[in-house]
Amino acid sequence: MSTESKPGGSLGVAMKRKEDPRFIQGKGHYVDDISMPGMLYLALVRSPYSHAEIKSIDISEAMKVPGVKAVITGKDLEAAGLGWLPTFHGLDKQMVLAIGKVLFQYQEVAAVFAETRGAAADGVEAVQVDYAPLPVVADPFASKTDKVILRPDREAKTNHIFHWEVGDKDGTARALAASPKRISQRIWFQRCHPAPLEPCGCVAYFDTMGRLQFHVTSQAPHVYRTALAIVTGIPEDKIHVMSPDLGGGFGNKVPIYPGYVCAIVGALKIGRPVKWIETRTENLTSTGFARDYHMDVEIGATPDGRVTALHVATAADHGAFDAAADPSKYPAGMFGIVTGSYDFPTAHAEVDAYFTNKAPGGIAYRCSFRVTEASFAIERAMDILADELKIDPVELRRKNFVRKDQFPYPSRLGFTYDSGDYHKTLDTALEALGYQALLKEQAEKRAKGELMGIGFSTFTEVVGAGPSKHFDILGIKMFDSAEIRIHPTGAGIVRAGTKSQGQGHETTWAQIVGEELGLDPQNIMVEEGDTDTAPYGLGTYASRSTPVAGAAIAMAARRVREKARKVAAHLLEAGEADVEWKDYKFQVKGVPAKSVTMKEVAFAAYTNMAQNEPGLEATYYYDPPNMTFPNGTYVAVVDVDRETGEVKVRRFLAVDDCGTIINPMIVEGQIHGGLTEGFAIAFMQEIQYDSEGNNLNTNFTDYLVPTSLETPHWETAKTITPSPHHPIGAKGVGESPNVGSPAAFVNAVVDALSPLGVRHIDMPVTRDKVWRAIRDAEARKT
Ligand code: CDP
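By my numbering, the letter at position 600 of the sequence shown is numbered 1472, and the numbering carries on one by one without gaps.
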């Protein structure tokens, strides 16, 4: 931990300067807006089969299509040493273009470069590939049997990718065996997809100096630069990665995709700029999916509802390549958060991952690496336990919460939760909700045979990777960085190693600088995403921006302040030790009338600095001492139509605790957006495959994205428990609503159906599934 970090920081529990919460900065320049003279378009030939040998690829007809300039195949790339890409954690590699066989439907098989988008598409149609279908493995439990080995290219001749475990295996087994009450449930978090509105894309060209200029939809531009240098052999200084505005990312724009490598190879080979923009179908079928965890959850408890042990065994479907975007040492991400907000005396979690003939991925979709799966499992299982014990789910949670006085709390699965007040957050929710009145209403409705449900999720997240001693991607340690320059007039620029995809860093980073330096954030420009100018950073995903880069910005600003203090002392004709920073000004201790503003100091730093070093700038690389642990209480209230299975979300309340809030309006926007995505996952979204590995959700008519018509009204509230180790006490927030909400929705539906004896429904909780659950339950009763 940096010695300059002050617990609680100068901001205390909330930003002191009352900025206009509507103050939002932004730009508006996307990869597909780029047009260059001589630019070629890249389109990819994709496999219709999910598992097949490639007997031959004939490009002769494609080369005759007017406008087609070149076609390359996997063999061409292999000959150039570019056949395979390392995956993020370095445990596997992924074919750029298929070599020998295809392993999932829509896998990239050949790349066509042409003068227009239309010509490139025609060229794709004209490439003739002769496939010999192979037996398909579309399910991880079938994969487990190793009857068909999907990846003979690997040394280990098994479909099993890894076994990971944490906690006390024997102690947990003993505690479960000794527990008077036990529940167990298989809970599947279905395969879903982040589906950002802007799909992935890039423009690659080599400038007159032979330097690769690479505009790309990337959440982690510096990591791209390093990875491209390693993969292509181009020296890192000859690679310039620029990630302009992004139309959403949600983890989908962290991996390096084959289209990017092909665009660079095409630009090098043909000597012209190349643009590649995915179609919606390509995005949904071949880029990083999320979840697909089959979790067997067991909880032991006393008859009065004190939890005694937790065991979770997971089968993870990783698809054709192990391209999960998890830190190197955490193949199952942060799944160890599966004990959630509860003080389990013992616990054990294990994850086994398998290859299948599906698209690769397992990315952190608006989630800190598998936290969503873990959170869903524990929050669903706590409700099942409450049902079994005939205890109110609220009381069960309250009884087992980690108490305020237990923080910093070492969980049995290895994390030290930094702070929280779960009882307060729950109580805030119950009061805002009018819980007792809702219970009364529910009892009245149940007496009439109506189905009303109230579902809780009292989740804890773990966000903000580093610390670097635990976290890396491709060996690059996870820290983040900021550089601040204050210009003579008190305006300035802050550059960070993160990359906003719509989260509003342009606003919040300026606010942190404004708060720390007493300057107007409207005149602090924010720049991210350009590897030539931004300091090296690991990028934006897993809600790490505020916990890590936000901290780096505050610390860099404090360095600027220390430098400014010397100039202030000169202006105030006082000793440096006699000058203090108070009320956003430098003043002589005890003499408030003798003061100078940062704006005055900034001007002097360039015009009247005496013996001090001219200029006013600083850089800070922040390696967090711990993760931050945002948490919340979410409650869904639903009515279920007994005849049709239709679920109406009547109310949804989200009480979040993300520590110090930098910008209330941005936080509100993050919560609304994340709840909408959580709602979609709970009720609508699944990337389904048939037994032949055909993807059944290849577009937005089959993979539903909610509009304002379907989306419920969101009620929100906050509690504020600052992170004790973050310089301004802030925790991440962007992921919380997506992590916490699915369980609240499903718990509400199951609660509505519980009088019928329904105990669990897997997501997405579609009308059809609910209708069947009602019919099956009624059939059981008769
Ligand atoms: O890493 P990512 O930007 O996705 O997530 P985040 O750190 O949770 O931040 C999302 C947005 O909310 C950023 O603009 C943050 O600065 C803002 N935020 C805030 O205003 N106050 C917080 N306590 C946390 C985030």
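Glycine residues also receive a C-beta, built at the ideal position from the N, C-alpha and C atoms. Fair warning: this is a prediction, and the values are worked out from it, not measured in the lab.
> Over what stretch of residues does the beta strand (DSSP E) that includes isoleucine 1055 continue unbroken?
Replying inline: 1053-1064
> Going along the chain, which residues of its own chain have a beta-carbon closer than 8 Å to the beta-carbon of arginine 1178, five neighbours each way excluded?
Replying inline: Lys1271, Asn1272
> Nearest CA to the CA of glycine 1212: which residue from Pro1232, Phe1227, Met1254, Ala1231?
Replying inline: Nearest of Pro1232, Phe1227, Met1254, Ala1231 to glycine 1212, Cα basis: Met1254.
> Taking 8 Å as the cut-off, is the CB of arginine 1367 close to at least one heavy atom of ligand 1?
Replying inline: Flag unset: Cβ of arginine 1367 not near ligand 1.
> With 16 other CB atoms within 10 Å as the buried threshold, where does arginine 816 fall?
Replying inline: With the chain running from 873 to 1654 in the structure shown, residue 816 is simply not present.
> Sorry if obvious, but does the Cβ on cysteine 1377 come closer than 8 Å to a heavy atom of ligand 1?
Replying inline: First, the residue type needs correcting, since residue 1377 is histidine and not cysteine in the sequence shown. Correct: histidine 1377 has its Cβ closer than 8 Å to ligand 1.
>> Let's see if you can read the secondary structure: which residues bound the beta strand (DSSP E) around aspartate 1299?
In response: That residue, aspartate 1299, is in no beta strand (DSSP E); its alpha helix (DSSP H) goes 1294-1305.
> If we call anything under 9 Å between Cβ atoms a contact, is arginine 1375 one with glutamine 1542?
Replying inline: With the sequence shown as reference, residue 1375 is identified as glutamine, and arginine is not the correct amino acid for it. Contact flag set, yes.
>> Given a cut-off of 9 Å on the beta-carbon distance, is the pair arginine 1437 and valine 1451 in contact?
In response: yes
> Which partner residues of phenylalanine 1034 appear in the DSSP bridge assignment?
Replying inline: Ala1225
> Can you tell me where the beta strand (DSSP E) with serine 928 in it begins and where it stops?
Replying inline: 924-930
>> Taking 8 Å as the cut-off, is the C-beta of threonine 1593 nearer than that to any heavy atom in ligand 1?
In response: Threonine 1593 Cβ: outside cutoff for every heavy atom of ligand 1.
> How about serine 1417 and leucine 1444: are their beta carbons less than 9 Å apart?
Replying inline: no
>> Tell me the DSSP secondary structure of cysteine 1239 in three-state form.
In response: coil
> Hey, would you say tyrosine 1493 sits closer than 9 Å to alanine 1449, going by beta carbons?
Replying inline: no
> Would you call the CB atoms of aspartate 1224 and histidine 1032 closer than 9 Å?
Replying inline: Taking 9 Å as the cut-off, the Cβ atoms of aspartate 1224 and histidine 1032 count as close.
> Of the residues Ala993, Asp1293, Lys1312, which one's Cα is nearest the Cα of asparagine 1502?
Replying inline: Here residue 1502 turns out to be proline, not asparagine, going by the sequence shown. That would be Asp1293, whose Cα lies nearest to the Cα of proline 1502.
>> Just verifying my parser: in three-state terms, what is the DSSP assignment at alanine 1231?
In response: coil
>> Under 8 Å, with one C-beta from each stretch per pair, do the stretch 1462-1480 and the stretch 1357-1367 reach the 3-pair mark?
In response: yes
> Cα separation between glycine 1321 and leucine 1310?
Replying inline: 16 Å
>> If you reduce the DSSP assignment to three classes, tell me which class glycine 1364 lands in.
In response: strand
>> Could you tell me the alpha carbon to alpha carbon distance between valine 943 and glutamate 1070, rounded to whole angstroms?
In response: 26 Å
>> I'd like to know whether the C-beta atoms of glycine 953 and methionine 967 end up nearer to each other than 9 Å.
In response: Note that the C-beta distance between glycine 953 and methionine 967 is not below 9 Å.
> Nearest to phenylalanine 1458 by alpha carbon, out of Ala1204, Ile1592, Gly1390, Asp1404?
Replying inline: When only C-alpha atoms are compared, the closest one is Gly1390.
>> Looking only at its chain, what residues have a beta carbon closer than 6 Å to the beta carbon of arginine 1639, apart from the 5 residues adjacent to it on each side?
In response: Gly1517, Glu1518
> So what does DSSP say about tyrosine 902, is it helix, strand or coil?
Replying inline: coil
> With a CB to CB cut of under 8 Å and the five nearest residues on each side skipped, what residues in its chain are close to phenylalanine 1078?
Replying inline: Leu1084, Gln1085, Ala1139, Leu1140, Gly1143
> With respect to the beta strand (DSSP E) encompassing proline 1464, which residues constitute its N-terminal and C-terminal limits?
Replying inline: 1463-1469
> Quick one: is the Cβ of threonine 1412 within less than 8 Å of any heavy atom of ligand 1?
Replying inline: Yes.
>> With a threshold of 8 Å, are at least 3 pairs of Cβ atoms found where one atom belongs to the stretch 1332-1347 and the other to the stretch 1375-1384?
In response: Contact between the stretch 1332-1347 and the stretch 1375-1384 is absent, because fewer than three Cβ pairs lie under 8 Å.
> Going straight from the alpha carbon of arginine 894 to that of isoleucine 1534, what length do you get?
Replying inline: No answer about arginine 894 holds up, because its pLDDT of 43 lies below 50 and its placement is not dependable.
> What residue range is occupied by the uninterrupted alpha helix (DSSP H) comprising arginine 1430?
Replying inline: 1423-1444
> Among Gln1373, Pro1116, Asp1025, which has the Cα closest to the Cα of aspartate 905?
Replying inline: Pro1116
> Per DSSP, glutamate 1400 forms a beta bridge with which residues?
Replying inline: Ala1368
> Between Pro958, Gly1172, Ala1246, Met1350, which lies nearest to glycine 1208 when the distance is taken from Cα to Cα?
Replying inline: Selected option, being the one with the closest Cα: Ala1246.
>> Is serine 1372 close to ligand 1? I mean its beta-carbon at under 8 Å from any heavy atom of the ligand.
In response: yes
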